[in-house]
Structures are given as structure tokens and as C-alpha cells.
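Working notes, structure below.
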Amino acid sequence: MKTGVFWNADKTSVLVYWCGKVIATYPDMEAFVESHAAYVEALETSERGLIEREYLP
């Protein structure tokens, strides 16, 4: 099954596939990268909070 980030057939947008299904579409690679960076930052912030609650008094 197709999973990953691909240009659409005419290279006018970026498609994100997960297990053969398109789960996101972006107008260009820059928009995809900006969105991905924001998600990674949010995930890191969430993980940091979990670790702090678990290990800090």
C-alpha cells in the first residue's frame, strides 16, 4: 500500500498517503513542510509536558 508524500500527477499539489488513502493535500511543498514542522513542534511540546508531569515534583 502506498504511504508517503508525493506530488500529484500534474505536480500542482502535494498529497500525503497513508495505507493507500490520501489523508492530506497541500498546495505546494512549502505548505507541507510548514504544516509538518508545526505538527512536530506541537508533538514535542506535548511530550515535554508528559515527561515533566511524570518526573518532576
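Numbering that gives the first Met the number 0 numbers the first residue of the sequence shown as 0 and each following residue consecutively.
Where is the CB? At the ideal position from N, CA and C, for every residue including glycine.
Residue 14, DSSP secondary structure in three states: Within the sequence shown, numbered from 1, the residue matching residue 14 stands at position 15. Reduced to three states, the DSSP call for residue 14 is strand.
CA-to-CA distance, residue 53 to residue 16, given in whole angstroms: As a first step, residue 16 is located in the sequence shown; it is residue number 17 there, counting from the start. As a first step, residue 53 is located in the sequence shown; it is residue number 54 there, counting from the start. Using only the alpha carbons, I get a separation of about 35 angstroms.
Proximal residues to residue 28 (C-beta, below 7 angstroms), its chain only, five neighbours per side dropped: Locating residue 28 in the sequence shown gives position 29, where the first residue counts as 1. Taken in chain order, the residues that qualify are 13.
Residue 47 versus residue 0: straight-line alpha-carbon distance, rounded: Working through the sequence shown from its first residue, we reach residue 47 at position 48. Working through the sequence shown from its first residue, we reach residue 0 at position 1. If I take the Cα positions, the gap works out to 33 angstroms.
Among 3, 8, 9, nearest to residue 18 - alpha-carbon criterion: Position 19 of the sequence shown, counting from 1, holds the residue named residue 18. Comparing Cα positions, the closest option is 3.
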